[in-house]
Amino acid sequence: MKIKKHGRKRIRRHRVTISKYMVTIIIFFVILILVISSSVFMSLFRNSAYETATLNTEQIVSQAVGMVELYTDSMKKELEIMEKQIGDYETKEDISQYINLLAKTSSTISCIIIYDKEGEIRYVSSEDERIKTDIKLDLSFQPELFEKRNYEISIPHIENIFEYSYTWVTTLGVPTKILGEDVYLVMDMHIYPLLNYLDNISVGQHGYCFIINEKNEIVYHPQQELIYTGLKVEDLDLIGGMEQKTLREKNSIYAKEYLNNGEWQIVGVSFTEELINEQTKEAIKLLLINMLWCTVVSIIITFVFSRRISKPVRELSDAMRMFEKHADKYIPRDDTKLGIYEISVLSESFDHMVRKIQELVERVKMEEKTLRKAELRALQTQINPHFLYNTLDSIQWMCEQDKSKDAGEMVNALAKLFRISISKGNELISINNELEHAKNYLVIQSYRYQDRFTYKFTSKGNVEKYMCNKIMLQPIIENALLHGIDVMEGEGKIEIQVKEEANSILFSVSDNGIGMTKEQSVKILKHDMSDKFGIGIKNVNDRIKIYFGQEYGLSIKSELDKGTTIYIKIPKITLEQYENDTWAQ
Amino acid sequence: MKMTHGHSKAGEKRMKNRITNLLCICLLILLSVLMLVACENKNSSDASGKIRVAVITKTTTSKFFMIVFSGAETAASEYNIILTCEGPDNENDYGKQNELISKAIEDKVDAIVISAIDKDNSTKILEKAQKKGIHIIVIDSGINSDIVEARIETDNYDAGRKMALALIKEENYEGRKIGIVNFNSDSENVLGRESGFKDTIEMDGRAEIVGRINVDSNVTKAKNGSLDFIDTYPEIDTIVTFNEWTTLGVGYAIEERDLQDEIKVIGFDNNVISVAMLESGEIDGLIVQNPYAMGYLGVEIAYQLIKENTLVETDIITDIMYITRDNLYEQASQEILFPLEEDK
């Protein structure tokens with residue numbers, strides 16, 4: 354009994370295992386979530402970094418305003434004190450001495466000048482420097498500025514009243530009265546203290562503060578030289594146009610605030626590159642590391658867990674495949690207690706089913722076997738009475754003719770014939786016995802046919818040790834006699850041959866009778882013969898095929914008027930194999 | 341028997357799966373690590389020592405080059421560069437300048453910023469430097485070679501042209517007798533200035549260049565030379581001269597002969613004395629260059645070249661300005677004439 358293989362082929366490549374599927378999906382979601390959350394985080398982070406940077410810039414500008422105001426206030430105070438003191442002096446020498454002393458002791462004051470209303474220098478503090486005799490344009494004399502009386506500081510300019518000396522100063526002056534004359538008291542201050550102040554205020558690493566006036570011109574800049582030589586340009590239109598205190602540009606943040614003189618403004622510039630982008634880079638780096646770890650950990654976890662889930666499933670599917678291939682030899686597993694409930698239930702049910710199916714298969718097999726045995730016996734017995742009657746009839750005829758010797762031989766042959774037929778009730782007998790049986794049959798028949806035919810047995814190879822079906826040759830010989838020899842004229846010849854082949858034993862029974870057509874030879878094997886004699890051949894064929902499989906059995910070669918050869922092919926089975934039942938198909 | 345065979349087959353498959361999965365993970369990790377490394381590399385600035393740049397000028401004594409140095413120093417501190425500023429005492433001494441170049445090569449600087457005294461005689465040694473991977477940047481005055489990677493200079497021909505145009509613009513220009521006091525030099529820039537000037541004057545044709553002399557590039561010799569020149573060509577009413585020292589020399593000569601009103605002088609470059617002479621009338625006009633920018637840009641571009649920034653601008657013309665007594669104290673003139681640096 355064989356389980357039929359299904360024709361379909363498995364397309365395994367397009368199938369995805371549970372574990373791969375789960376790992377892929379989970380990794381995909383982990384990465385998706387990580388990417389989304391980190392981009393949200395990054396944008397929040399950037400925003401807050403921007404806020405902080407802006408606030409920072411603003412605060413630093415406020416600080417700068419405080420410092421610059423402190424400086425300008427102290428200058429203003431100095432000028433106020435000077436103004437008061439100078440008003441009290443009564444001689445020119447006192448005044449001269451006083452301003453010289455003041456200028457000398459202060460590091461910020463370049464010089465102190467007293468102009469008359471026309472801009473003529475009345476007094477000037479100087480050490481060794483000579484005043485130019487012919488000054489065409491005195492840059493320190495700025496009466497409009499002095500007349501404001503608000504102690505405003507001028508924008509930086511060159512002090513050009515001394516010979517061979519051109520110093521950058523800024524001027525602060527006030528109208529006053531000395532010795533009854535209206536004059537301007539003017540102080541030229543070095544610009545570097547203020548520049549140093551500004552220089553020290555830094556926003557981030559490269560950010561800075563600078564001062565612009567009401568006309569949006571740069572007054573002080575920590576990189577004044579770069580500004581003066583045109584190497585650096587500030588976008589003053591942009592800064593002038595600022596309506597709010599702060600302005601965010603693509604690469605920089607501006608913040609500005611008025612000084613308390615109401616005209617100057619301090620502008621702070623910070624660079625987003627260093628304040629924000631670098632921080633962002635750091636944050637991205639951290640995020641990437643975290644993302645990496647998260648991904649790796651999640652991969653490992655899903656890997657482990659998916660294996661836990663998929664392992665029993667895979668085992669189950671392997672088992673099913675196994676069962677599919679070899680249903681009868683499949684041994685149910687017993688390790689279904691562990692793992693996931695649903696899967697173990699599935700597994701148990703499967704095993705249950707397998708056991709049931711195997712039981713059923715076994716039962717069907719058994720039933721079929723019994724059925725077949727019954728059938729065979731029925732078929733064997735079918736032959737006997739008919740033949741027996743004929744033989745006995747012949748013997749009776751012999752006895753009547755007083756051929757007692759012949760009758761004795763015939764009775765002997767018949768006895769042997771029956772002895773083999775009934776031997777142990779086994780289906781297989783040794784080939785020798787079978788040949789013996791056939792010989793006995795032919796002995797009997799040759800009496801009946803009055804020597805109208807001759808017969809010959811030949812065997813090739815070592816065939817004695819093998820087994821064959823019981824009463825296999827006799828029906829075929831019978832067929833040859835009835836259909837070949839009986840109806841022909843002249844002497845008939847029957848040759849029985851046994852041949853050992855590589856994997857099988859081949860019997861052949863040939864006669865030189867009338868032969869048959871192709872249709873007949875096919876019909877004989879197909880049971881369609883209503884003729885009672887035909888049953889014999891079909892019976893032999895069926896028995897062999899049932900017993901050994903489809904590749905064994907009968908084949909017929911026949912030619913009209915020449916004769917017929919019937920071949921019987923059976924496997925090589927020794928007595929031992931038969932007794933131990935190890936010759937399975 | 342058959343069962344075990346089937347099992348081992350499935351096991352093989354499982355092994356294969358596991359290997360592919362492991363491979364995937366390894367790949368992922370590798371990728372991320374690579375990404376991180378890439379990030380790291382981008383951020384890391386050169387930890388392996390600072391950049392070294394040598395600025396070698398024609399001389400160290402002139403105001404012009406002092407301002408060049410101050411510009412270079414500003415850039416160096418901004419870009420965190422180790423800077424050396426050197427030059428011979430004498431502006432004709434190319435031998436000394438070549439020695440300084442050799443020294444810079446020995447010091448293994450990354451770039452040399454040079455203002456060449458002689459356009460031919462330093463080429464060899466600079467080529468040697470270039471072969472050793474040193475970037476060559478020229479400021480102010482170049483050399484006759486294509487090894488130069490960047491130039492930052494005044495358009496000298498244009499400067500000469502501007503001097504001429506300043507004269508041409510004047511009302512009583514026609515029929516002027518012009519004298520040229522130049523100095524002995526093979527430096528590219530001085531030759532350019534003179535030809536720019538001459539070409540423009542000759543093209544206009546209304547005035548004539550009466551004579552020219554070459555003097556040594558120092559104040560005393562320039563002054564004596566100018567005195568001789570004035571005596572030789574008494575008809576001269578305009579003198580044009582092309583560097584800081586000769587300008588002073590001519591100025592002193594005019595002062596000595598008291599010819600402030602008779603002879604118009606247009607000079608080149610500025611220092612405290614020439615500005616004072618401009619105020620008091622010995623000199624009537626000065627072409628002022630932007631040495632601070634030269635120094636600054638020279639070092640900045642050196643830095644960019646070393647960092648292999650592909651967006652380096654390699655030919656930069658710095659501004660010049662024509663200063664007269666009238667615009668001397670305009671804000672823009674003040675800013676370019678008087679460097680702030682030395683006040684500190």
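Top line first, the protein sequences correspond to chains Z and H.
Taking the working numbering, the leading residue of the first sequence gets 354, the next gets one more, and so forth.
Taking the working numbering, the leading residue of the second sequence gets 341, the next gets one more, and so forth.
We treat Cβ as the ideally placed atom computed from N, Cα and C, and that holds for glycine.
For residue i, which residues in the same chain have their Cβ closer than 7 Å to its Cβ, ignoring the five residues on either side in sequence?
i: residue 627/Z; result: 557, 558 and 559
i: residue 553/H; result: 521, 565 and 569
i: residue 538/H; result: 549
Verify whether the separation of the beta carbon atoms of residue i and residue j is less than 8 Å.
i: residue 813/Z; j: residue 787/Z; result: no
i: residue 558/H; j: residue 403/H; result: no
i: residue 469/H; j: residue 479/H; result: no
i: residue 592/Z; j: residue 609/Z; result: yes
i: residue 375/Z; j: residue 659/Z; result: yes
i: residue 496/H; j: residue 529/H; result: yes
i: residue 390/H; j: residue 420/H; result: yes
i: residue 679/H; j: residue 441/H; result: no
i: residue 620/Z; j: residue 565/Z; result: yes
i: residue 472/Z; j: residue 441/Z; result: no
i: residue 430/H; j: residue 397/H; result: no
i: residue 651/Z; j: residue 414/Z; result: no
i: residue 463/Z; j: residue 512/Z; result: yes
i: residue 378/Z; j: residue 666/Z; result: no
i: residue 625/Z; j: residue 417/Z; result: no
i: residue 591/H; j: residue 492/H; result: no
i: residue 748/Z; j: residue 822/Z; result: no
i: residue 482/Z; j: residue 516/Z; result: yes
i: residue 878/Z; j: residue 867/Z; result: no
Write down the C-beta distance between residue i and residue j rounded to the nearest angstrom, noting that I regard them as a contact closer than 8 Å.
i: residue 543/Z; j: residue 522/Z; result: 6 Å
i: residue 660/H; j: residue 677/H; result: Not really, about 12 Å apart at Cβ, beyond 8 Å.
i: residue 550/H; j: residue 518/H; result: 6 Å
i: residue 468/Z; j: residue 519/Z; result: The Cβ separation is near 20 Å, so there is no contact.
i: residue 524/Z; j: residue 541/Z; result: 6 Å
i: residue 424/Z; j: residue 547/Z; result: 6 Å
i: residue 817/Z; j: residue 784/Z; result: 6 Å
i: residue 478/Z; j: residue 488/Z; result: At roughly 16 Å, the Cβ-Cβ gap does not stay under 8 Å, so residue 478/Z and residue 488/Z are not in contact.
i: residue 766/Z; j: residue 793/Z; result: 4 Å
i: residue 672/Z; j: residue 714/Z; result: The Cβ separation is near 17 Å, so there is no contact.
What does residue i reach in chain H if we use C-beta pairs closer than 8 Å?
i: residue 577/Z; result: 680
i: residue 517/Z; result: 612, 613 and 616
i: residue 397/Z; result: The contacting residues do not exist; residue 397/Z stays about 21 Å from chain H at best.
Residue i versus chain Z: which residues are under 7 Å apart at the beta carbon?
i: residue 674/H; result: 510 and 511
i: residue 369/H; result: 649
Along chain H, in chain order, which residues have C-beta atoms closer than 9 Å to that of residue i?
i: residue 583/Z; result: 630, 633, 658, 659, 675 and 676
i: residue 612/Z; result: In chain order: nothing, as chain H lies at least about 21 Å away.
Near residue i, which residues of its chain fall below 8 Å by C-beta distance, leaving aside the five closest residues on each side in sequence?
i: residue 430/Z; result: none
i: residue 601/H; result: 621
i: residue 499/Z; result: 526, 527, 528, 537 and 539
i: residue 925/Z; result: 819, 853, 856, 857 and 858
i: residue 459/H; result: 481, 482, 483, 484, 526, 527 and 528
i: residue 933/Z; result: none
i: residue 567/H; result: 593, 596 and 597
At 9 Å on the CB atoms, spell out the chain Z contacts of residue i, in chain order.
i: residue 401/H; result: Ordered by position in chain Z, no residue passes the 9 Å Cβ test against residue 401/H, which lies about 17 Å from the chain.
i: residue 636/H; result: 578, 579, 582 and 584
Residue i touches chain H at which residues, Cβ-Cβ below 7 Å?
i: residue 492/Z; result: 669
Just to make sure I have the definition right: I need the residues of chain Z whose C-beta is within less than 8 Å of the C-beta of residue i. Which are they?
i: residue 654/H; result: Result: empty, since nearest Cβ-Cβ is about 17 Å, beyond 8 Å.
Considering only residues of the same chain and omitting the five flanking positions on each side of residue i, which have a CB-CB separation below 6 Å?
i: residue 613/Z; result: 422
i: residue 450/H; result: 391, 392 and 646
i: residue 411/H; result: 632, 635 and 636
i: residue 467/H; result: 487
Task: Near-chain Z residues of the region 606-628 of chain H - C-beta to any C-beta below 9 Å - done: 612, 613, 615, 616, 619 and 620
Open item on the list: For the region 402-433 of chain H, list every residue whose C-beta sits within 7 Å of some C-beta in chain Z, in sequence order.
Closed with: 414
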